[in-house]
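Visitor:
Numbering (my numbering), first residue to last: 11 to 558.
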C-alpha cells in the first residue's frame, strides 16, 4: 500500500454534501489527509446531440446538480447556462446561503409576476391566488386540506419523527390515506400534482409520516411549493448550481478528488482502520474515518465487512427514489410574460396525447437564465414519468409541445422555439432517479438511526440524512456539516486531533437533545378549521349557484 493510498478521512461521493464535508474538514483540521472518491468519471454523453459537445469535457462532480451550456440561437453559435438538476435556493436556508456567499456565487429572483395556469380534469384556467380557484367549495376544500397538512407537519420533530403524535398510525399509512377524509374529487388532482412535483412519486406510494417530516424540514408544504420570498423556489444561482461543487473541489484540491472510482467493498478492521476497495483500484485505500455521502439506494450494492446493522440495511431497502425527468424549452422571446402570465403551470396529467393513460406535464415554470435567455423548464414526475419515459424522445418532445401549445398558443411555441433539452434522472448512473429518496409505509421507526447514526468509523451524509431542508441543496450542506463534525469530534476524543474549536453538531448531541422532544401544539390551529367549515356552510346556503 503506497503513501497516497493511506489517508485520514475518505469521503465517498462528490456531490454537494460529500464535498462540503471534505471542505469543512480541511477548514477545521488542515493537517488531515482527505480523499474524495466519486463513482462518476468524465460526464457521459447525453443522447441529445445538441448538448453533447458542451458537456462531454466537464468533470462530473455535483451529484444531482448538473449545469449545461445550451444553444440559445438557431445557428448554435451562442450558449447559456441552464440547470438540468437541482437549482433553487432561498435566503431562509441557513446552510446553503452562507456557503454561496463564501464561494462568491450570486443569486437572482425566480420570475413569478403574472397569472399562473392550472390544468385539472383537462381544463386549463388562470389563477393569481396561491392555489387554483375552480369553485368556492373546491377552493375551500383545498385551503382546508393545506391547513390540515401544515398543522400536522408543524407537529413533527424532524430529528425524531417517531415522537410525533400518532406516529405509528401515520407510519402505517400512505399520504393518499391521510388525505382521503378531507380531500374529495375537486382538490385531489391538485394535491396529486403537488406530490409528483415535490417527491417524484404518487400519494399512494408515499409514507404519510415521511411526507410530513420532509415538509416540516423545509418549513411546511406551502413553502416547498411557492416562489414567494422564503419559499423553496425563491431564487436561482447565476451560472448554475453545479458551480458549488466545482468551486468546492478547487478549495479542497483537485488532486484529492478521484473521479471514476466506484466503491465496491468497505472493510472495518479491529485496529480501527477502514479499507476501501474500488472497481478501478484493487489495492484498497486505507483511512481512519469514512463518510458515505451517496444516495441510500447506492449504498445497498456495496459489500461491507462487518455487515451494516440490520436497521440500516432495512432502511435503505425501503427508500425508493423518485421518478423524475426535467426538460427545458428555450425560446427567442418570453412571450408568456407579454401575455401577463408567470409561466407557471401545475397539471394533473389529465391531457394525455397519443392515447396514453396519463399526460406528460407535471409542473412548468419560467426558466429564464440570469443572462436573460427566455426559457420554460418543467418536470415529469411520478406516474407521468413512468409512462412518458417509456416512449421515444421524439414522442416525449411532441407531447410536451402539445401541452405548451394548449397553455400559450401553438403559433407562439412554433415561432419562438429554439431548443428542447431533457434530462432523465432515472437513467443517471449512481443516482437512479430524482429529486429525493422517499420512504415506504411502516419503515419510519428506523429513520433516524438508519440514515444518520454512525456505525463504528463510518459516518453518513447526503441530503436525505439532513434534518433541515432534506432533499434540497441546503439539506446536503446540513448533512455534510454534521458528518464532518462527527469525524472531528471522534478524532479529538481519541487524541488523534488537537482542536478545541470543533462544531458539536453531531448525531450523538442532536439525538440526546431531541430524543424525547415533542413540538408543542398551538391552540391557534384548532380555530381555523371551524372558521373554514363555517364559511363553506354559509356559502352553500347563501350562494348555491356559485357553488355549482
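Quick reminder that beta carbons are idealized off the backbone N, C-alpha and C, glycines included.
Would you mind stating whether residue 258 and residue 121 have Cβ atoms separated by less than 8 angstroms?
Guide: In this structure, residue 121 does not lie closer than 8 angstroms to residue 258 by Cβ.
Visitor: Whose CA, out of 520, 36, 500 and 37, lies closest to the CA of residue 282?
Guide: Nearest C-alpha to residue 282: 500.
Visitor: From what residue to what residue does the beta strand (DSSP E) around residue 137 run?
Guide: 133-137
Visitor: Pull up the CB-CB distance for residue 162 and residue 222, whole angstroms please, since I reckon it's below 8 angstroms.
Guide: Cβ-Cβ separation between residue 162 and residue 222: approximately 5 angstroms, consistent with a contact (criterion under 8 angstroms).
Visitor: Please report the residue range of the alpha helix (DSSP H) in which residue 188 lies.
Guide: 185-189
Visitor: Does DSSP put residue 459 in a helix, a strand or coil?
Guide: helix
Visitor: Would you mind reading off the limits of the beta strand (DSSP E) that contains residue 434?
Guide: 427-434
Visitor: Give me, in chain order, the residues of the same chain whose beta-carbon lies closer than 7 angstroms to that of residue 83; leave out the 5 immediate sequence neighbours on both sides.
Guide: The residues are 428.
Visitor: Once the 5 residues before and after residue 457 are set aside, which same chain residues still bring their CB inside 8 angstroms of it?
Guide: Taken in chain order, the residues that qualify are 171, 172, 220, 223, 325 and 449.
Visitor: Counting along the chain, where does the beta strand (DSSP E) carrying residue 376 start and finish?
Guide: 373-376
Visitor: Is DSSP giving residue 273 helix, strand or coil here?
Guide: strand
Visitor: For residue 160, which option in 194, 179, 143 and 234 has the closest C-alpha, if you only look at C-alpha atoms?
Guide: 234
Visitor: Count the other CB atoms, across all protein chains shown, that sit within 10 Å of the CB of residue 67; report buried if there are 16 or more and exposed otherwise.
Guide: Bear in mind that a pLDDT of 39 at residue 67, under 50, signals an unreliable position, so the number given afterwards is only what the model happens to contain. Classification of residue 67: exposed, given that the 10 Å Cβ count is below 16.
Visitor: Output the distance between the C-alpha atoms of residue 238 and residue 140, rounded to the nearest integer angstrom.
Guide: 10 angstroms
Visitor: Using alpha carbons as the reference points, say which of 447, 245 and 494 lies closest to residue 380.
Guide: 245
Visitor: Hey, is the region 350-358 in contact with the region 317-335, meaning 3+ C-beta pairs nearer than 8 angstroms?
Guide: no
Visitor: Taking the continuous alpha helix (DSSP H) assigned at residue 331, which residues delimit it?
Guide: Looking at the DSSP string, residue 331 is not in any alpha helix (DSSP H), and its letter there is neither H nor E.
Visitor: Would the region 301-318 count as touching the region 397-417 if we require 3 or more Cβ pairs under 8 angstroms?
Guide: Using a Cβ-Cβ distance cut-off of 8 angstroms, the region 301-318 and the region 397-417 are not in contact, since fewer than three pairs of beta carbons, one from each stretch, lie closer than that value.
Visitor: Using three-state DSSP, classify residue 556 as helix, strand or coil.
Guide: Bear in mind that a pLDDT of 47 at residue 556, under 50, signals an unreliable position, so the number given afterwards is only what the model happens to contain. Residue state, collapsed to three classes: coil.
Visitor: Given a threshold of 16 other Cβ atoms within 10 Å of its Cβ, counted over all protein chains shown, does residue 57 qualify as buried or as exposed?
Guide: Confidence in residue 57 is poor, its pLDDT being 41 and thus under 50, which makes the residue's placement too unreliable to answer from.
Visitor: Ordered along the chain, which non-local residues of its own chain (more than five positions away) have a Cβ less than 7 angstroms from that of residue 51?
Guide: 70, 269 and 270
Visitor: Identify which residue in 157, 168, 472 and 197 has its Cα closest to the Cα of residue 146.
Guide: The candidate whose alpha carbon is nearest that of residue 146 is 197.
Visitor: In chain order, what residues of the same chain lie with their CB nearer than 7 angstroms to the CB of residue 399, ignoring the 5 residues before and after it?
Guide: Here the set comprises 335, 434 and 436.
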